Amino acid sequence: MKKQISDRYEPTSVEPKWIAQWEKRNSFVPDPAFKESFSIVLPPPNVTGSLHIGHALNHTIQDIITRIERKKGKSTLWLPGMDHAGIATQVVVERELAKEGKKRTDFTREEFEAQVWKWKELSGGMILNQQKLLGESADWSRERFTFDEGLSKAVAKVFKSLYDEGLIYRGERIINWCPKTLTAISDLEVEHREVKGKLYHIRYPVVGKKGEYFVVATTRPETMFGDVAVAANPNDKRYKNLIDVKLELPLTNRTIPLLFDTFVDQEFGSGLVKITPAHDPNDFEAGQRLGLKPLLVMNPDATLNEQAGKYAGLERFVARKKILEDLEAAGLIEKVEEHTHSVGHNSRGGAIIEPYLSTQWFCKMKPLAELAMEAVRSGETEFVPKLWEKTFFEWMNNIRDWCVSRQLWWGHRIPAYHCQDCKHITVSESKIETCPKCGSKKVEQDPDVLDTWFSSQLWPFSTMGWPEKTEDLQKYYPTSVLVTGFDIIFFWVARMIMMGKKFTGKSPFKKVLIHGLVRDKEGKKFSKSIGNVIDPLDMMNKYGTDSFRFFLAATLPEAKDILFDESRLDGYRSFCNKIWNSSRFILMNLDESFTRVNIEPEYKHKLEPMDRWILQKFNDALRKYEKAYSKFLFFEMASEIYEFVWGNFCDWYIELVKPRIYGKLGPESKAVAEQVLVDVLIKAMGLLHPFMPFLTEEIFEAFSDGDYLIKTPFPVEYSITPEDDGVAKTNILQEAVTQIRVQRAENGVPLDKKCQVVLKSSNALVENSVRENEVSILQLARLDSIKVDPNYQVQKTDSVGAFRFGQVILPLAGMIDFEKEKARLEKDLQKALQEEEKLSGKLSNENFLAKANPDVIEKEKEKLRILEEKISVIKKGIEKLS
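Going by UniProt numbering, the sequence shown opens with residue 1, and the numbers climb by one from there.
#1: In chain order, which continuous runs of the alpha helix (DSSP H) of length 4 or greater are located wholly inside the stretch 292 to 377?
#2: How is W78 classed by DSSP in three states: helix, strand or coil?
#3: Give me the residue from Q743, P43, I710, S840 with the minimum Cα distance to F803.
#4: At what residues does the alpha helix (DSSP H) containing R289 begin and finish?
#5: Do F107 and S75 have their CB atoms nearer than 8 Å?
#6: Is it true that the CB of T276 sits closer than 8 Å to the CB of D227?
#7: Nearest by alpha-carbon distance to T452: which of V483, Y417, R406, E471 is it?
#8: What number of angstroms, rounded off, separates the C-alpha of Q360 from the C-alpha of P281?
#9: What is the residue span of the beta strand (DSSP E) that I710 lies within?
#10: Following the continuous beta strand (DSSP E) through Q420, name the residue where it begins and the one where it ends.
#11: The alpha helix (DSSP H) with E636 in it runs from where to where?
#12: Do A319 and E222 have their beta-carbon atoms positioned less than 8 Å apart in this structure?
#13: Are the stretch 762 to 776 and the stretch 648 to 664 touching by the rule of at least three beta carbon pairs closer than 8 Å?
#14: Mapping the DSSP letters down to three states, classify residue 916 as helix, strand or coil.
#15: Would you tell me roughly how many angstroms separate the C-alpha atoms of D789 and N763, rounded to the nearest one?
#16: Would you give the residue range spanned by the beta strand (DSSP E) that E110 belongs to?
#17: DSSP three-state label for S762, please.
#18: Below 8 Å, how does it come out for the stretch 543 to 553 and the stretch 502 to 511: are there three or more Cβ pairs, yes or no?
#19: Where does H192 land, buried or exposed, given buried means 16+ other C-beta within 10 angstroms?
#20: Just grab the DSSP bridge partners of D83 for me.
#21: Given that a residue counts as buried once 16 or more other Cβ atoms are within 10 Å of its Cβ, and exposed if not, what is R612?
#22: Run through DSSP, which three-state label would E212 get?
#23: With DSSP run on the structure shown, which of helix, strand or coil describes E248?
#24: List the residues that DSSP assigns as beta-bridge partners of W402.
#25: Helix, strand or coil, according to DSSP, for I857 in the structure here?
#26: Exposed or buried, which one is Q734 when buried takes at least 16 other CB atoms within 10 Å?
#27: Could you have a look at Q756 and say whether DSSP puts it in helix, strand or coil?
#28: What number of angstroms, rounded off, separates the C-alpha of G523 from the C-alpha of C419?
#29: Can you look up D798 in the DSSP assignment and give me helix, strand or coil?
#30: Report yes if the C-beta distance between L867 and A832 is below 8 Å; otherwise report no.
#31: With distances taken Cα to Cα, identify the nearest neighbour of Q457 among A138, L783, F509, W140.
#32: What's the C-alpha gap between E315 and L182?
#33: If we ignore side chains and look at the alpha-carbon of each, how far apart do T69 and T712 end up?
#34: According to DSSP, which residues form a beta bridge with L258?
#35: Under a three-way DSSP split, which group does Q407 fall into?
#36: Name the DSSP beta bridge partners of Q807, please?
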């Protein structure tokens, strides 16, 4: 098995090769030979552009899990797909059409849908390509789209079923209306921003009492024409005795009553509020209680309608300015105050939302929420970390009916048919052309479409063929785990649990793994407006996909956000190069006749102490890796495999066995070292593969005969125990060499200067270890000689360090210039003290502490702690040289 790899790792040549090879061999398709199944459904990205950094994190985590479970011998399905993303996609396509001077209304509905399908093919293909570039091992043969025929049928079936049960209804209620996109949007698509505005105190004259008026405060005077009453709290002593009072509605000829309702806050303003049922959700509910008829005063595009008299046709904010001028001229402004308040904006596009009375389709959520809560209470579905269950229950307990209709052209049409003659509404899974009530042929389908989340809430089971009892549905549903960000627990996760329980009787996932978001290194959210957006493809092209993936996993703390620091990517690229160069070294030094065998049992009794040591180190790393995986602690998994590969295997074991590999200790020792090197490397690549699939597959190919690492079984432990004396001896060797290196560094002894070292210890294992590994120790520590002497008398000029079995003594006499070294350390001390002062000042700055992200503050504190340790070490060094 004499193979070679290039002298440097080039991701751009390796990655495309394996993307093609894996797909050619159907490596991602579940193996039916395995009885135990494991499944994940991919949160479908929107077909609106390209993958962002959040997708890269989410998809990398899922791929790590998928590759591990596949290697554990399970029939593993990772089901991918995309979401049609109604409003987001329509906005993007309309924006593209605008570049050509066209708008949606220039087309028929069918023509516009055709334009969106063209966009879907272009954008969807781009996203799919990016997913493959990231190394995602999803079963692309099962890729689904929320507009697939089967999924669309499932949507219609669920809608009709919920309608027949009375859980879906059509009614007039206050919804969130976007005047820019001209559609209703859900509560969760409204982004509330703190805005500096004004609170206008307006005088409402009392009818029949000249010169008397009541003052009502509002932030939206343009909705005043929709006022149908003014209300006070029945417990407010200022107003409780007023009966049958009428008020003049300013700038109109209408009068409105003074009424009483407990929803009014006595402490706010004058204790009076205007009731505008068509433009405020609280007012709507109060109007329902008080029997008031709503009055809509705004058009869908946020211009005022005929109810506003001379202000009709004016855009809402233009109208506000004109109305305030006229109120001022009429002496009806009491005062105007600066007022910071929360204003709803469309999270897609940023337009200010109008609470707006509209006839829409709604879904009753309380009964469905009970199903979801029971699934979590019973443990059928578990949140990881568990702390997110509290958030889940808070949302579920405060849930409101969901407006599921959208005034768009791109989406699943609501399967409801309106008879133009008798006005009967028929909900049907299939298209109808005749009214079942009156027989009229004048039947039209409802023009609205369903909220995108309506179809995506069915994703776990609709993608597997429901309502048909398909083989996939029976084998892979419920899914094993869902991986998602915390920001869509309510949007998507909760609704999927509701629908899964409702229509299959089972919650769609056994576990829901919630991860944080990726933010910039200052803790800010990535935003185009800020200009801090990171393109995953740029990072992958610059550092290699494996480095990028490893960074995402290694820096993902439990239940916290990732702070994106590009400098760390360079370190992980170095890790890739370290693995590549170590693998190349092993290949270059194997005998021409080398054939890999199972080192257990064939070589078990030929293993030398350092061999048994590396096998035990692998066992330790494997156990910790498995334990971390059981809790989905990817950063701990990454840390364990990184430390083992770079530290124990590359920096220690390879260096230890070089004399054997070069034949200095005989052919049998060389043969054993070769087998251990290759076997441990391949097993380590098995653990690293889920994080770095391309590099590890390429290396595995160089040591194998046609197999693919992606399909090889998950590594298992060696039959080595920690009590093995070979492990103990090599631990001694490692500790001694580490301490020698520390002393050389602390005392400024150059690496090219050979030293003599004494180990002062009476432990027999120490003497045996030095005797058996003297050649390796001399090479690793760059020594002329090393001896064990339990009776050595320490000299004043000796550098002494402790290790578990005694002392490591480095005689410095003649090795260094004491005065010169002391001067160097004093210079280092001054520099470190200046840095400490600067950092301490930053951490005592109240302005910094108030504005900085908590993770950034912790990072600065950790820097200070490390700096303080460094200062302590330098001071000890100066003291020793004095």
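Don't be surprised by glycine CBs; every beta carbon is placed ideally from N, CA and C.
Source: prediction; values computed, not measured.
Working from what's here:
#1: As far as the stretch 292 to 377 is concerned, its whole alpha helix (DSSP H) runs of at least 4 residues are 316 to 329, 366 to 377.
#2: Strand at W78.
#3: Closest option to F803, Cα to Cα, is Q743.
#4: First-last of the alpha helix (DSSP H) with R289: 281 to 290.
#5: A distance of 8 Å or more separates the beta carbons of F107 and S75.
#6: Contact flag set, yes.
#7: Answer by Cα proximity: R406.
#8: The straight-line gap from Cα to Cα measures roughly 15 Å.
#9: Where I710 is concerned, there is no enclosing beta strand (DSSP E), given that its DSSP letter is neither H nor E.
#10: Per DSSP, Q420 belongs to no beta strand (DSSP E) and is neither H nor E.
#11: Taken as a continuous stretch (DSSP letters only), the alpha helix (DSSP H) holding E636 covers 634 to 642.
#12: Yes, Cβ-Cβ distance for E222 and A319 is below 8 Å.
#13: They touch, by the three-pair rule.
#14: The shown model of the chain, from 1 to 882, leaves out residue 916, and the question about it has no answer.
#15: Taking the CA atoms as reference points, D789 sits about 10 Å from N763.
#16: Bounds of any beta strand (DSSP E) do not take in E110; it lies within the alpha helix (DSSP H) bounded by 109 to 133.
#17: Three-state DSSP puts S762 in coil, outside helix and strand.
#18: No contact exists between the stretch 543 to 553 and the stretch 502 to 511.
#19: An exposed status is given to H192, since fewer than 16 other beta-carbon atoms sit within 10 Å of its beta-carbon.
#20: Paired residue(s): N46.
#21: The residue in question, R612, is buried, as its Cβ has 16 or more Cβ neighbours within 10 Å.
#22: Correct three-state label for E212: coil.
#23: If DSSP states are grouped into helix, strand and coil, E248 belongs with the strands.
#24: Beta-bridge analysis with DSSP links W402 to C363.
#25: It is helical.
#26: The C-beta of Q734 has 16 or more other C-beta atoms within 10 Å across all chains shown, which makes the residue buried.
#27: Note: Q756 maps to strand in three-state DSSP.
#28: When rounded, the distance between both Cα atoms is 55 Å.
#29: Assignment of D798 by DSSP, reduced to helix, strand and coil, places it in the strand class.
#30: For L867 and A832, yes; Cβs fall inside 8 Å.
#31: When each option's Cα is compared against that of Q457, the closest is F509.
#32: If you take the alpha carbons of E315 and L182, they lie about 14 Å apart.
#33: The question names Thr, but residue 69 is Glu in the sequence shown. Cα-Cα distance, rounded: 11 Å.
#34: Per DSSP, the beta bridge partners of L258 are V230.
#35: Three-state DSSP puts Q407 in coil, outside helix and strand.
#36: Answer is K760, A802, bridged to Q807.
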